[in-house]
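Asks: I'd like to ask some things about the structure below.
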Amino acid sequence: MLAPGSTIGILGGGQLGRMMAIAAVQLGYRVIGYAPAGDNVAAEVCHDFFENGWGDTAALAAFAAKCDVVTWEFENVPLKTVAVIPENLLAPHPRALGVAQDRLKEKRFIQDLGGKPADFASVDSERDLAMAVERIGAPGILKTARDGYDGKGQWRIANLRDVDAIRFPGRPCVYEGMVPFEAEFSVILVRSNDGEIRFWDSTRNVHTDGMLATSTLPAGAVIESQVEAARDLARQVADALRYVGVLTLEFFATAHGPVFNEMAPRVHNSGHWTIEGAATSQFENHIRAICGLPLGSTATRFATVEMTNIVGKHALTAHQALTGTGDEHLHLYGKAEARDGRKMGHWTRCGL
Ligand code: AMP
7 MLAPGSTIGI LGGGQLGRMM AIAAVQLGYR VIGYAPAGDN VAAEVCHDFF
57 ENGWGDTAAL AAFAAKCDVV TWEFENVPLK TVAVIPENLL APHPRALGVA
107 QDRLKEKRFI QDLGGKPADF ASVDSERDLA MAVERIGAPG ILKTARDGYD
157 GKGQWRIANL RDVDAIRFPG RPCVYEGMVP FEAEFSVILV RSNDGEIRFW
207 DSTRNVHTDG MLATSTLPAG AVIESQVEAA RDLARQVADA LRYVGVLTLE
257 FFATAHGPVF NEMAPRVHNS GHWTIEGAAT SQFENHIRAI CGLPLGSTAT
307 RFATVEMTNI VGKHALTAHQ ALTGTGDEHL HLYGKAEARD GRKMGHWTRC
357 GL
């Protein structure tokens, strides 16, 4: 159990790191961040922040030397970077990054555990793509195997003719059949060092242009009937990885049960509602888990919860949109530039 005043290192400097740092500071820990130069909005709530490249081994070693535990808020931290940090400091174990950084590895890992991803094929050339579309059918989505997020690095393919129109990205990709889903949901769990697992309620997630727009509770009968099976898979994933901390799996609810979409070995946008909507937030429980503290209750505190992302210029008028009524919470991440399609903050509205 890490004593108060111990230091938590966070790799990555975005809003997830910012909210994680706020939770850590509340529990009496010190926080040091590390990320390449950029709009590192976590920095202003950390005690110290290293703005250095992922390949700067001297800076990484200096950062690690100041930390009692090191975690991440971003799953694409290069494995070479993580390898510089002494393994006994890292939580979760980096084996989770190895799986989650590669869509192909991730899907095969899920299949090996008995989970069901969308039909997929590994695609390394235009020829592979044509064969994949022929075998799996269209519509579908071509995704880069690595480094995609929020719908980036994805190309929708409506029919065979689209294949000719696509300029192949020139790096390993995956082609997935389009899943005819009824709804989308995520399973977010926290696992402690000794293997205890707790789940938050699963929200209904609505995406716009591949990016999460809202997460809502109650999630509705279709999702509720599929959560159990999805949790079983998530539990197996967490146990297989001997995972410590918060882990997220995203699913499509279909007429044939839950279809696995992707996993994130970290806190997740679809769990932001837990800050006010649950007894213990995903951020606090992640910190508790990696510091060896007892996990907090994940119970939902309200009959209804809605989290809405604030994207782009909408952030500029968010303060004027506060109504002063109800259980309404505004989070702004302090990003310098309100670019289109950029997550700037979120609302959480709870009701009894
Ligand atoms: P991803 O970044 O892979 O999670 O994709 C972002 C969003 O795009 C998902 O949450 C879905 O709304 C949509 N999407 C991605 N892959 C598929 C698929 N195979 N079938 C249907 N919708 C998909």
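Using the numbering used here, you'd call the opening residue of the sequence shown number 7 and step up by one each time.
Ideal Cβ placement from N, Cα and C applies to all residues, glycine included.
(1) Drop a sphere of 10 angstroms on the beta-carbon of Asn360, count the other beta-carbons inside from all chains shown, and report buried for 16 or more, exposed for fewer.
(2) Got a sec: does the ligand AMP put a non-hydrogen atom nearer than 7 Å to the Cβ of Ile142?
(3) Could you round the C-beta distance between Leu301 and His99 to whole angstroms and report it? I think they count as a contact, below 8 Å.
(4) I'd like to confirm something about Lys86: is its beta-carbon nearer than 7 Å to some heavy atom of the ligand AMP, or not?
(5) Do the CB positions of Glu190 and Phe115 come within less than 8 Å of each other?
(6) How many Å lie between Ala227 and Gly39 at the Cα?
(7) Looking only at C-alpha atoms, which of Glu112, Asp153, Ile91, Glu182 sits nearest to Ala136?
(8) Following the continuous beta strand (DSSP E) through Ser128, name the residue where it begins and the one where it ends.
(9) Rounded to a whole number of angstroms, what is the C-alpha to C-alpha distance between Ala244 and Gln326?
(10) Determine whether the beta carbon atoms of Leu33 and Val76 lie at a separation below 8 Å.
(11) Please tell me whether Ala67 and Glu57 are closer than 8 Å, where the distance is taken between their beta carbons.
(12) Quick one: grab the DSSP three-state call for Phe258.
(13) Give the straight-line distance between the Cα atoms of Asn275 and Leu218, rounded to the nearest whole angstrom.
(14) Would you check if there are 3 or more beta carbon pairs closer than 8 Å linking the stretch 185–205 to the stretch 307–326?
(15) Pair every Cβ in the stretch 220–237 with every Cβ in the stretch 173–182, then say whether three or more of these pairs are closer than 8 Å.
(16) Let me know the alpha helix (DSSP H) ranges lying completely inside the stretch 159–243, each 4 residues or longer, listed in chain order.
(17) Going straight from the alpha carbon of Gly347 to that of Thr220, what length do you get?
(18) Measure the alpha-carbon distance for Arg355 versus Pro10 and round it to whole angstroms.
(19) Which residue from Lys341, Val37, Trp78, Val185 puts its Cα closest to that of Val250?
(20) Once the 5 residues before and after Val185 are set aside, which same chain residues still bring their CB inside 7 Å of it?
(21) May I ask whether a heavy atom of the ligand AMP can be found less than 7 Å away from the beta carbon of Ile229?
(22) Can you tell me whether Lys72 is helix, strand or coil according to DSSP?
(23) Report all residues from its chain with a CB closer than 6 Å to the CB of Gly254; omit the five preceding and five following residues, and keep chain order.
(24) On a CA-only basis, which of Asn267, Glu312, Ala171, Val139 is nearest Leu358? Give me that one, please.
(25) Report the option in Asp74, Thr63, Lys113 whose CA atom is closest to the CA atom of Pro84.
(26) On the DSSP letters alone, give me the boundaries of the beta strand (DSSP E) that Asn315 sits inside.
(27) So the candidates are Val88, Glu132, His262, Glu188; which of them puts its Cα closest to the Cα of Ile163?
(28) If I'm right that Asp45 touches Ala342 with Cβ under 8 Å, what's the distance once you round it to whole angstroms?
Replies: Taking the coordinates as given:
(1) An answer regarding residue 360 cannot be provided, because it is not within the stretch 7 to 358 covered by the chain.
(2) no
(3) About 18 Å separates the two Cβ atoms, so there is no contact after all.
(4) no
(5) no
(6) 41 Å
(7) Glu182
(8) 126–129
(9) 42 Å
(10) no
(11) no
(12) In the three-state scheme derived from DSSP, where H, G and I count as helix and E and B as strand, Phe258 is classed as strand.
(13) One C-alpha to the other measures close to 8 Å.
(14) no
(15) no
(16) 166–171
(17) 14 Å
(18) Each residue's alpha carbon lies about 32 Å from the other.
(19) Trp78
(20) The answer, listed in chain order, is Ala124, Phe258, Thr260, Val265.
(21) no
(22) coil
(23) According to the sequence displayed, residue 254 carries Thr and not Gly. Taken in chain order, the residues that qualify are Ser192, Ile194, Ala270, His274.
(24) Glu312
(25) Answer by Cα proximity: Thr63.
(26) 310–317
(27) Out of Val88, Glu132, His262, Glu188, Glu132 has the C-alpha closest to the C-alpha of Ile163.
(28) Indeed they touch by this definition, with Cβ atoms about 5 Å apart.
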